[in-house]
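Asks: Below: one structure in structure tokens.
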Amino acid sequence: MARDIVIWPHKVLTTPTQPVTDFGENLTTLLDEMFEALKKAEGIGIAANQVGVPLRCSWVGREDGTFFEIINPQILERSGDVTLEEGCLSVPDQFAPTPRFHKVKVKYQDRTGAWHEVEAEGKLAHVFQHEIGHLDGQVFVELLAPLKRSLIREKMLKLQKTLGRRKKSGE
Ligand SMILES: [Zn+2]
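For the sequence shown, my numbering assigns the number 213 to the initial residue and increments by one for each residue that follows.
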């Protein structure tokens, strides 16, 4: 079953996640559930804490429309400043130019525990930074100017109230 996506601000989104140590069936199930939530929301990436699970794993979308999982990722190198229009499944319908790096070198494990190292630029580098940010407890709105951030925060608090009401009435 697809899990619900947690809306920012929420503690699970602003707290760094714990490393994955068990590469067994539980991880496979979690990744499957995250992938369902990602497809349902038509996103290009999703982190475990976005479905309420504080573990260091995410799905990352490639430019060709395919996806792969990253587990215990680390950014090894960053270069080139760029500002990109960014949004997030946990901050629905809000987009803002956000400062990022053009290129990153990332080390991560796959679901079997095998390590990989990739250099990415452009869109893929952007998704890596966004997802690894989530795992570090950082949502993109933290990178925006304080005024912009508080405007988005107000909107999200209202949205949380609406969604809470809907849930109660069983809509
Ligand atoms: Zn996000």
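Note that the Cβ used here is the ideal one computed from N, Cα and C, for glycine as well.
Distance, Cα to Cα, G264 vs V316?
Replies: Taking the straight line from one Cα to the other gives about 27 Å.
Asks: If L242 sits next to A260, beta carbons under 8 Å apart, how far is it from one beta carbon to the other, in whole angstroms?
Replies: Right, their Cβ atoms sit about 6 Å apart.
Asks: Flag this pair as yes or no: are the beta carbons of A308 and L369 separated by less than 8 Å?
Replies: No, the pair does not count as a contact, with Cβ atoms beyond the cut-off.
Asks: For G334, I'd like the list of residues in its chain whose CB is within less than 8 Å of its CB, leaving aside the five on either flank, ordered along the chain.
Replies: Excluding positions up to five away in sequence, the list reads E275, H314.
Asks: Is the closest heavy atom of ligand 1 to the C-beta of H342 under 7 Å?
Replies: The answer is yes for H342.
Asks: Does T229 pass the burial test, meaning 16 or more other C-beta atoms within 10 Å, or should it be called exposed?
Replies: Buried, by the Cβ-count rule.
Asks: Which residues bound the alpha helix (DSSP H) around R378?
Replies: 358-381 is the span of the alpha helix (DSSP H), which, as asked, contains R378.
Asks: Comparing the CB of L400 with every heavy atom of ligand 1, is any distance shorter than 7 Å?
Replies: With the chain covering 213 to 383 only, the question about residue 400 has no answer from this structure.
Asks: In angstroms with no decimal places, state the Cα-to-Cα distance between L347 and R312.
Replies: Going from the Cα of L347 to the Cα of R312 covers about 16 Å.
Asks: Hey, would you say the C-beta of C269 is under 7 Å away from at least one heavy atom of ligand 1?
Replies: Checking the Cβ of C269 against ligand 1 gives no.
Asks: Along the chain, which unbroken stretches of the alpha helix (DSSP H) at least 4 residues long are found entirely within the stretch 223-294?
Replies: List check, alpha helix (DSSP H) in window: 237-253.
Asks: Can you say whether Q286 is buried or exposed, counting buried as having 16 or more other CB atoms within 10 angstroms of its CB?
Replies: Classification of Q286: exposed, given that the 10 Å Cβ count is below 16.
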